[in-house]
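The sequence shown runs 174 to 817 under the numbering used here. Beta carbons: idealized from backbone N, C-alpha and C, even for Gly. Notes follow the structure.
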Amino acid sequence: MRFNLRFLGTILFALVFLVGGFFVKNAVLANGALIFSHVPSENLTTGVQANFVLQAPDTTGHTISLSDNDAGGTFYNGAITGNTCNHTSPLTNKTISINSNKAFCYSNSTPGTYTITASTENIDSVSTIVIINTQEETLPTMEGSVTIDGTPKFGEILTANISQLINAGTPTYQWKRIYMFDNSMVEENIPLATNGTYLLTETDIGKNIKVTATAKPNIGTGSISSDATENIDKLDKPDAPPLPFLAGKTSISVTLVANDLYEFSKDDEGTWQDSPEFTGLTADTYYAFKSRIKETSTTNAGAENKGRIIKTYKDSYKDAQTVPNNEGRATLTNETKELVITDPDQAVIVDAEAVTDGALDISSFTPNESGERIVPAITINSSNAKVIIQPSTKITATGWNGTMMLPRPDTSITNIAPVGFSVGNFKIEMGSPDVTLTFDKAVKITLSGVTGDVGYRSAGSNDWQMITTKCNNADDASNITSGECYFQDGVDTVIWTYHFTTFGELKAVNTQSSSGGSIILAMNNVASEKIIANGCNSNANDLYNIYTGEPCEGKIILAKEIKQIKTINQIDNKNIENGGIANDGKVAGAATTNNTSENTLTASLGNLNNIIKDSISIWIILLIIIFISAGGYTTYKILKKRIK
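See below:
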């Protein structure tokens, strides 16, 4: 019975192992006397042994035979007397005698499931131990190169270019900063800079940057670093700012409008300063003052502009200028006759009633590539005219220095009016005495107290041109695209013009008539190269007989057609002599022959007019005398015949 129970227990124990062995890590041998214990994890690495312990519940000696039925692994003999596996030689199908817990080692190079059989007391007990051998795969080494894309400047983003890497997978990154410190090269990891891109900071300026890429652990092994960048630079220089504005000047200094972001320079000296004030200058001298955005900790100095041309005062005029107030208004006085305008966006109103020789200094608006100065809206109130310049008007004038005369009386004596007109007393000059200022937008000029015909005289010319085009109304310049138009606005005349010069009124001259037709006696509008009192010489081809149309030949004529019209003021001084009528019939009355002043010449020509009138009277008297004489002679002949 004892044998049967023992035999039955052994059979039952074996059946348990046969049914569930593939899912058991610990196996119990026959009679409960022996147990397999799996010490480490069941996930094994190639070349690393798994330690197992044979546990006996008692001190009874047992003989155990171990075998690897799959013959795929190797048993190692170790210190069987202890529970530490220090193997020294293979142990395959060996018989081990143990009295207590013993250890053995098992290793395999191929993943799989293996069966280990333990036999004791002539009874084989098969135990299947599942060992998952996850051997560490031998990974390839990452190869290739890493480069850095991007501009090495503050604020730019650098990108690690790994397109040339192989066996890298998705690598990890570390950006590094390289610089010299105490004569030694320092390479430090940049904190938190572990992405594929890196934003350059102010700390990087003046240093070099590199990046290291490390292969993904299950794809490859190793790390590769890029070459270092060039020194990280500051941002590119900004574009040139607007031209500096004038705040004030004297004969020896110029002060520009301050700006904390700018620095300033004079001419092409190459020296830059934060202060907008320049001293030690020369009186009555032009200077070019430049500005640029100054360098900061992260930005290089900006591009310089071409400079604003400013002229220092003469010593006697150092206090003669003023500037508009915050509202854009300014009043000119005899102490401050000139207004300086520098702000291109501020509309300006100038009150100049108290001065007759006021001026605007707009030289700060230097000409662009097309030679145009662009000015803001300007309204000029003077005692004899009101001028309105539209916003952003472009002014063009060759050789102009940027000083604009405000309306002032024109004192020119030499004035050649159109035929049938004389120049009136109201004449104003504005702009420049030397050049004509041309505008791309029509300018409105209101002539106070002027009615009737108006005209203009260009700078450098004596000839007046009549304005014949009429505007639709006083506030509309749409009727002209160039040139001028005018409109009567009550007791004033409004002129829309595209140029600045001299403007004034034109007066129609008086005429006389007789039975023979109109006799033009407006000598201020008719002249020859030589005008004589008693007739005209053969050179007087400018005048034609009113009846025959033939040139004047030694007798006074009545002008029907006139070529080369000139005013009496334009008669050559060489034709004027002193002391009455000369032998050759030239006009008398001039004080000198070749250097007669215009005033004296005008007076002489006034005498000429009287002489001509007297000559006509003489001719009339002579005709009467001839008529009377002829009648008397006829009467005498009749009486004599009757007497006979």
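Asked, Found
"Backbone CA spacing between S621 and E526 [nearest angstrom]", "13 Å"
"Contact under 8 Å by Cβ, A386 with I335", "yes"
"The segment 564-583 in contact with the segment 613-620 per 3-pair CB rule at 8 Å", "yes"
"Among P497, P540, N557, A647, nearest to L533 - alpha-carbon criterion", "P497"
"Distance between D447 and S424 (C-alpha atoms, nearest Å)", "22 Å"
"Extent of the continuous beta strand (DSSP E) run through S651", "Premise fails: S651 is in no beta strand (DSSP E) and is neither H nor E."
"Interface flag, E657 vs chain C, CB-CB below 8 Å", "This model lacks chain C altogether, as it is built from one protein chain only."
"Pick from N368, G544, D665 that is closest to L331, judged by C-alpha positions", "N368"
"Whole-angstrom distance between Y629 and I793, CA atom to CA atom", "41 Å"
"CA-to-CA distance, Q519 to A553, given in whole angstroms", "First, the amino acid is wrong: residue 553 is Ile here, not Ala. When rounded, the distance between both Cα atoms is 14 Å."
"Continuous beta strand (DSSP E) stretch holding Q638: start and end", "637-639"
"Residues that DSSP places opposite S438 in a beta bridge", "K463"
"Beta-carbon gap between L579 and V627 smaller than 8 Å", "no"
"Cβ neighbours of S655 in the same chain (closer than 6 Å, five flanking residues each side left out)", "Y671"
"Cβ shell of T515 (< 6 Å), same chain only, five flanking positions each side left out", "F418, L419, S537"
"Of the listed residues D355, S651, G625, nearest to I640 (C-alpha basis)", "G625"
"Nonlocal neighbours in the same chain, by C-beta distance under 7 Å from G393, ignoring five residues either side", "L312, P313, T314, M315, N340, A341, G342"
"Counted within 10 angstroms of its Cβ, other Cβ atoms place M164 as buried (16 or more) or exposed", "Because the chain here runs from 174 to 817, residue 164 falls outside it and cannot be looked at."
"Start-end ranges of the beta strand (DSSP E) lying completely within the segment 464-488, minimum 3 residues", "481-484"
"Proximal residues to T455 (C-beta, below 7 Å), its chain only, five neighbours per side dropped", "T485"
"Q661 - containing beta strand (DSSP E), residue span", "657-662"
"Reduced DSSP category for E542 - H, G, I as helix; E, B as strand; rest coil", "coil"
"F437 versus E511 - alpha carbon distance", "25 Å"
"Which of helix, strand or coil DSSP assigns to T376", "helix"
"Under 8 Å between C-beta atoms of K600 and P582", "yes"
"Proximity of L408 and T471 at Cβ, strictly below 8 Å", "yes"
"3 or more residues per run - each beta strand (DSSP E) lying fully within the segment 533-610", "545-548, 551-554, 558-562, 566-569, 576-582, 594-604"
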